[in-house]
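Structure, as structure tokens:
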Amino acid sequence: MNRITAWATAAALAVSPLALATTTYAAPAKADAYSVTAKINKTVAIGKETTLKVRGRVTPRAAGQKVVLQQRVGNKLTWKATGTAKIKKNGTYVLKDDPSTPGKRSYRVLKPASNGVAKGFSPSLAVVVYSWERLGFRTPGPQLNVAVDGATIGTDYFPTSLVTGLAGAPSSIEYTLGRKCLELRAAYALTDASASGSTGSVTVTTDGAVAATHPLTVGTIVADETIDIEDAFRLRFDLTTSATPTGFAAVATPEVLCTR
Numbered sequence: 019m020n021r022i023t024a025w026a027t028a029a030a031l032a033v034s035p036l037a038l039a040t041t042t043y044a045a046p047a048k049a050d051a052y053s054v055t056a057k058i059n060k061t062v063a064i065g066k067e068t069t070l071k072v073r074g075r076v077t078p079r080a081a082g083q084k085v086v087l088q089q090r091v092g093n094k095l096t097w098k099a100t101g102t103a104k105i106k107k108n109g110t111y112v113l114k115d116d117p118s119t120p121g122k123r124s125y126r127v128l129k130p131a132s133n134g135v136a137k138g139f140s141p142s143l144a145v146v147v148y149s150w151e152r153l154g155f156r157t158p159g160p161q162l163n164v165a166v167d168g169a170t171i172g173t174d175y176f177p178t179s180l181v182t183g184l185a186g187a188p189s190s191i192e193y194t195l196g197r198k199c200l201e202l203r204a205a206y207a208l209t210d211a212s213a214s215g216s217t218g219s220v221t222v223t224t225d226g227a228v229a230a231t232h233p234l235t236v237g238t239i240v241a242d243e244t245i246d247i248e249d250a251f252r253l254r255f256d257l258t259t260s261a262t263p264t265g266f267a268a269v270a271t272p273e274v275l276c277t278r
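In structure tokens form, the structure reads like this:
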């Protein structure tokens, strides 16, 4: 009996370490904050013409929850929310923006905190926005016998045009663009105030290099011409008209595509 008891006790001692051992599994680590990726479809945009699209992914997934598009314009320090979108089942999202104000700006995407996970931000994305503006609204540099005024050409009225004054006199006007513009668009003609048979011409130069030149006669219009002025610091128009018959030339409603 003692022998059986001793054997049982020994067996129990031999088995007990295994019987007492338990298998443990580490719980999966929970993210401290959301991770947000972002890419943008354009780094150069035209105001009121280009739609910017920001795409990315949120980790961990938060399907159905919202991400917030934020932007910072120019040298401003604060970010402003300008749009939201829902996160898809696969963790991706698409945000859109239609910028209008010219200049430099930055975008980023915020995923607000939820489910015990802290908020997360995407890296910032830089964009340069250009917009069309009337050249006549800008302050001109040197000008001679040219005024910013309305012009009637072929019975159509063109506001904010560059119009010559005294017929037959040298005429020019300059604008400083500061290498912040891409294109110039305008029409060129003699105004309806010109006498039949009068003539004229207009030459457009950027930093001394001729970008375009057009002879002008009554009844002919060079309409909606677009000129590349990228990297131009100074833009100049030289206009000539005949004194007899009297002619008056116009750069009709010129516009420039600029960041500033």
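In the numbering used here, the protein residues as written are 19 to 278.
Just so you know, even glycine gets a beta-carbon here, dropped at the ideal spot from N, CA and C.
What you are looking at is a predicted structure, and each value in this text was computed from that prediction instead of being measured.
Unbroken beta strand (DSSP E) stretches of 3 residues or longer found wholly inside the stretch 142-216: 143-152, 164-171, 174-182, 189-194 and 199-208, given in chain order. Between the C-alpha atoms of L113 and D242 there is a straight-line separation of about 35 Å. C-alpha of T157 to C-alpha of A131: approximately 49 Å in a straight line.
S140 places its beta carbon less than 8 Å from that of T55. Following the DSSP letters along the chain, one finds F255 inside the beta strand (DSSP E) bounded by residues R252 to T259.
For V228, the number of other beta carbons within 10 angstroms of its own is below 16, and it is reported as exposed. When C-alpha distances from P160 are compared across D256, A63, G92 and P120, the shortest belongs to D256. DSSP places I105 in the coil class of the three-state scheme, outside both helix and strand. About 6 Å separates the Cβ atoms of T264 and S216, confirming a contact at the 8 Å cut-off. For R126, the secondary structure class from DSSP, reduced to helix, strand or coil, is strand.
Straight across, the Cα-Cα distance linking T69 with P117 is about 7 Å. In the DSSP assignment, K71 falls within the beta strand (DSSP E) that extends over L70 to T77. A straight line joining the alpha-carbon of K60 with that of F155 spans about 28 Å.
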